[in-house]
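Heads up, the thing below is written out as structure tokens.
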Amino acid sequence: MFAPTEDQRSLIETVGDAARRVLGATLKEDDEAERFRKEYISELGAVGLCGVTTPERFGGLGLGIVEYALVLEEIAKVSASYAVSVAVTGLPQAILRDFGRPDQQDAWLPGLASGALLGAFALSEPDSGSDAAAMLSTARREGDGWVLNGTKFWITHGGYADVYVVMARTGGPGPKGVSAFLVPAGAPGLSFGKKEEKMGMRASPTVELVMDNLRLPADALIGAEGEGFRVAMAALDSGRITIGAVAVGLSQAALDVAAPYAKQRRAFGQPIIEHQGVGFMLANMAIQIEGARLLVHKAAWLRDQGQPYSHVAAMAKCAATDCAMAVTTDAVQVLGGYGYTREYPVERYLRDAKVMQIVEGTNQIQRVVIARHLSRAYGP
Ligand code: CAA
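Pasting the structure below:
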């Protein structure tokens, strides 16, 4: 996709207006206080932004993931934290849409798509992040229900969400022993531990989730028993496109501050953009952003076309988040001493960028996915 259609252009405008109106006023204060405002999600949801790809019959916009990427890029230009929140509340929606039963879809999708309810996704554990299939949390059948035990780490929206998709082991070791469960807030045995104090994405809460004989009804299972790893991987494939889109938005925001600054700031008798050292830095920022955006859109387009896209989603996630790290670092450099202070937003952009090379699968794991694809594509 080389240019947005008329409809996409008007969607981008709507999102930009809503993001600035809802999120703009408290950005700095919420970053400093590490404060998440759940009501902002409802406000973004009221204009359709929480259920972009969820079918219209469930109250979503029923659009493709290409449009979803455009939406997230636009929100991220204002706040990467809330763009991640929108992406994360989208994960259980994607899972329910693709793997849920009709009763589960009816129960949760309308609330999640409207932003009235908040969703979360729980896969990682204290000792299993990249090696997700090594998880230790268990789910055993008891009576006509399930009992879950274990600890999940790094849970975006932990303690705030209304519903969690939680992976736990119902069988033996490895990926085939994992199942997915729908866990409503307030389920007996569900509690929350430490809230992480983070370097960036500080308006997005990251919390430990504890399951201590957590009791669920039999129908809490999503998909078939033993299908949980596939459910999680499929969700992460599209999640990687969304994180790529957030990273592109953040990168663009950094360039949108750095370039005008470099035109206005003078040194040695001319605007610093005229000095090749700075001008080339800005040019490299623009090259990386354009490339990352195209890759994100290509992965999204493949997904919308129903074509294999896991490896391209991994490429997009890597390229876009590495781009965000490089571009936000250079934006601070262009602004010099000012860039390092809270007077300008670029120091926040830099702090927000780092974690995107880690979440939704580290960039090393993305390269594992790409290398495995190459091995399959080129080998017998
Ligand atoms: N889609 C569907 N199924 C998939 C799949 C995909 N993308 N990738 C793998 N599978 C299936 C495989 O086909 C295989 O099934 P079969 O045996 O039936 O063929 C099964 O899953 C196991 O696959 P692998 O042998 O490839 O599994 P692995 O243990 O080697 O792991 C991995 C592969 C890519 C490294 C995976 O573990 C991985 O992605 N790790 C990173 C986890 C991750 O991204 N965590 C982020 C959590 S969320 C977050 O960060 C924050 C938040 O708040 C949301």
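The number in the numbering used here is simply the position in the sequence shown, starting from 1, with 119 added. Even for Gly, the Cβ is constructed at its ideal location relative to N, Cα and C. All figures in this text were calculated on a predicted structure; none of them were measured in a lab.
With 16 other Cβ atoms within 10 Å as the buried cut-off, status of Pro211: buried
Cut-off 7 Å between Cβ atoms - residues of its own chain near Ala433, not counting five sequence neighbours on either side: Arg359, Gln485, Val488, Ile489
Nearest candidate by alpha-carbon position, reference Thr289, set Asn268, Gly278, Gly305: Asn268
First and last residue of the uninterrupted beta strand (DSSP E) at Ser310: 309 to 314
At least three beta-carbon pairs within less than 8 Å, the region 459 to 477 to the region 402 to 418: no
For Ala287, the first and last residue of its enclosing beta strand (DSSP E): 282 to 288
Ala241 - partner residues in DSSP beta bridges: Val285
Of the residues Ala351, Met286, Pro427, Ile274, the one placed nearest Gly312, counting alpha carbons only: Ile274
Beta-bridge partners of Ile274, as assigned by DSSP: Val326
Host beta strand (DSSP E) of Thr257 (start-end): 257 to 261
Contact check, Ser571 vs Cys442, beta carbons under 8 Å: A question about residue 571 goes unanswered here, because the residues of the chain that appear run from 120 up to 499.
Thr275 Cβ short of 7 Å to the ligand CAA heavy atom set: yes
Span of the alpha helix (DSSP H) around Pro379: 347 to 383
C-beta atoms of Cys169 and Leu255 nearer than 8 Å: no
Selection from Ala337, Arg384, Asp449 that minimises the alpha carbon distance to Ala258: Ala337
Cβ-based neighbour list, Ser247, same chain, cut-off 8 Å, excluding 5 preceding and 5 following: Ala253, Met254, Leu255
Continuous beta strand (DSSP E) stretch holding Ser298: start and end: 297 to 303
Helix, strand or coil at Gly264 according to DSSP, with G and I counted as helix: strand
First through last residue of the alpha helix (DSSP H) which encompasses Glu192: 184 to 197
Bridge partners - Ala386, DSSP secondary structure assignment: Gln389
Closest Cα partner of Gly128 within the set Ile362, Val329, Glu193: First, the residue type needs correcting, since residue 128 is Arg and not Gly in the sequence shown. Arg128 has its Cα closest to that of Glu193, out of Ile362, Val329, Glu193.
For Gly234 and Ala165, the rounded distance between their alpha carbons: 7 Å
Proximity test, Ser200 beta-carbon vs the ligand CAA heavy atom, cut-off 7 Å: no
C-beta atoms of Leu333 and Val302 nearer than 8 Å: yes
Cβ-heavy atom distance, Arg349 to the ligand CAA, below 7 Å: yes
Inter-stretch contact at 8 Å, needing at least 3 Cβ pairs: the region 276 to 285 / the region 320 to 330: yes
Lys271 to Glu315 span [Cα, whole Å]: 13 Å
Selected residue, minimal CA-CA separation from Ala226, among Gly262, Asp281, Val207: Asp281
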